[in-house]
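With our numbering applied, the sequence shown covers 52 to 434.
What follows is a short report on a single structure.
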Amino acid sequence: MLISERMNGLNPYVPGEQPKDRPYIKLNANENPYPPSKKVIKAVNKFIKKNPEKLGLYPDPDSIELHEEIADMLNKTGGCLCRAKVSGKSIEPAAEDKIPFTVTKDMIYTGNGSDEVLSFVFYAFFSSNKKFVMPEHTYSFYPVYAGFYNIPMDRIPLKKDWTLDTESMLSHASENAGGIIFANPNAPTGLGLTRNQVREMLQKASKDEIFIVDEAYCDFGGESCIPLLAEFSNLVIVRTFSKSLCGAGMRLGFIVSNPELINTVTTVKNSVNHFPLDAVSQVAGKEACRDAAYYCDCAKKVAETRDDFYNFLVQKGFYAIPSQTNFIFAKKEGFAGEQIYRKIKEEGILIRHFKTPGIDDFVRITVGTPEQMAKLKEAINKL
Ligand SMILES: *Cc1c(COP(=O)(O)O)cnc(C)c1O
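This is the structure:
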């Protein structure tokens, strides 16, 4: 037999499409509409010009300088860009977001996009003989990894208002003893739990089971759970440069957790690929962290555009979920999600719809620039 039996269990993730038949406005993959900071571009150019030989050498396998810069950025911003105060180049976390300890480089792990990071997290912390708990509707890569590693899942339906059913998640978690994962704010709903709500969950959950919070969208208006690392040794927080740090093309994701759990994931990494981050991405990532003020401004612009677009949708008779992210999940009575998606695509704009039962009448719209959203509004007016 040419192909292993293992292959039968695979059910790969389907990313937002990237068709090339015409130039589309791409609002289907939750990318940031703003480019990386000019300082990042400059640093990358300089690195290649000055050290071309470094492209022929292995990069730092431990990405130590990058881990220092990430830790520094988190300490400066309080872990949430949208809520941080920026004046010129100086940044200060909102008083309530201040991290009550110093994040250090041994609390950071980085990988080739948070998708890879999540894959290692699944390998490291979930077991093939215990069900882990996740929301029924959440990031659709989680079930893919569950299939890949043969880990049984326990998918808990959302409440009627689309929020997480934390009570039910906790009671199932205590039955299964296999850990919990969810995105906060959640995707594709855009709704988040407050840090206090997550704290209450952690207080009720077993300290012996892993508790993973995916904060891919936290910078656009959620609350980060990084401060909770002071209280809970079973907490793992996953973040990415792909959304708020305008870096989806660089493939940079990271974990913030205690050094012991960071070491565990590092062991997985070193058993798969010793060098997940290339030299150029490490340079770009470091420089991005040093220019957090720029990304704060971008996140705030996105949030403003989002709230304006939300109001537009409601005015147009859509049911839209108020979002704390860089996307909006919305539906319109009398339209199937796919129908809205197709009509909008005819106008040269890509948005996302899911065929998943329960959410198939929704579309997920990434928040672009005000100009892009103006074009989308025109397209929606024609529906
Ligand atoms: C986009 C996204 C990721 C993946 O990000 P990458 O770093 O680009 O791999 C992870 N989790 C959630 C919830 C996301 O939306």
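Ideal Cβ placement from N, Cα and C applies to all residues, glycine included.
Small disclaimer: the values here were computed from a predicted structure and weren't measured.
- Taking residue 77 as the centre and dropping the five residues before and after it, the same chain places the C-beta of 401 closer than 6 angstroms to its C-beta, in chain order.
- For the region 253-338, the continuous alpha helix (DSSP H) assignments of 4+ residues that do not extend past its boundaries occur at 310-323, in sequence order.
- Around ligand 1, the residues selected by a Cβ distance under 5 angstroms to any of its heavy atoms are 164, 165, 166, 190, 234, 238, 265, 267, 291, 293, 304, following chain order.
- For a cut-off of 8 angstroms, the C-beta gap from residue 204 to residue 183 is around 6 angstroms, short enough to register as a contact.
- Following the DSSP letters along the chain, one finds residue 103 in no beta strand (DSSP E), marked with neither H nor E.
- Taking a 10 Å sphere around the C-beta of residue 355, we find fewer than 16 other C-beta atoms and assign the residue as exposed.
- In the DSSP annotation of this structure, the continuous segment of the alpha helix (DSSP H) that includes residue 357 starts and ends at 343-366.
- According to the DSSP assignment, residue 425 belongs to the alpha helix (DSSP H) that extends over 421-432.
- Judged by DSSP secondary structure, residue 393 falls within the alpha helix (DSSP H) whose first and last residues are 388-397.
- The Cβ atoms of residue 343 and residue 128 lie closer than 7 angstroms to each other.
- One Cα belongs to residue 413, the other to residue 273, and the distance between them is close to 22 angstroms.
- When rounded, the separation of the alpha-carbon atoms in residue 304 and residue 247 is 25 angstroms.
- The DSSP assignment places 217-227 as complete runs of the alpha helix (DSSP H) inside the region 193-253, in order along the chain (cut-off: 4 residues).
- Following the DSSP letters along the chain, one finds residue 137 inside the beta strand (DSSP E) bounded by residues 136-138.
- The DSSP-derived three-state label of residue 417 is strand.
- Burial of residue 320 is indicated by the presence of at least 16 other C-beta atoms within 10 angstroms of its C-beta.
- Only buried fits residue 375, as 16 or more other CB atoms lie within 10 angstroms of its CB.
- Contact between residue 340 and residue 124 is confirmed by a C-beta separation of about 4 angstroms, below the 8 angstroms threshold.
- Residue 206 and residue 309 have their C-alpha atoms roughly 27 angstroms apart.
- In summary, residue 69 is exposed, with fewer than 16 beta-carbon neighbours lying within 10 Å of its beta-carbon over all protein chains present.
- Taking one beta carbon from each stretch, the region 128-139 and the region 260-271 have 3 or more pairs nearer than 8 angstroms; the two touch.
- Between residue 346 and residue 279, the C-beta gap is not smaller than 7 angstroms, which leaves the two residues out of contact.
- Each of 65, 74, 313, 384 was checked against the Cα of residue 397, and the nearest Cα belongs to 74.
- In the structure shown, residue 159 falls within a strand segment according to DSSP collapsed to helix, strand and coil.
- The three-state reading of DSSP puts residue 404 in strand, counting E and B together.
- A buried status is given to residue 418, since no fewer than 16 other beta-carbon atoms sit within 10 Å of its beta-carbon.
- Cβ-Cβ separation between residue 415 and residue 239: approximately 5 angstroms, consistent with a contact (criterion under 8 angstroms).
- Rounded to the nearest whole angstrom, the C-alpha separation of residue 99 and residue 337 is 15 angstroms.
- In the DSSP assignment, residue 141 falls outside any alpha helix (DSSP H) and within the unbroken beta strand (DSSP E) covering 141-143.
- Taking C-alpha positions only, residue 315 is separated from residue 168 by approximately 12 angstroms.
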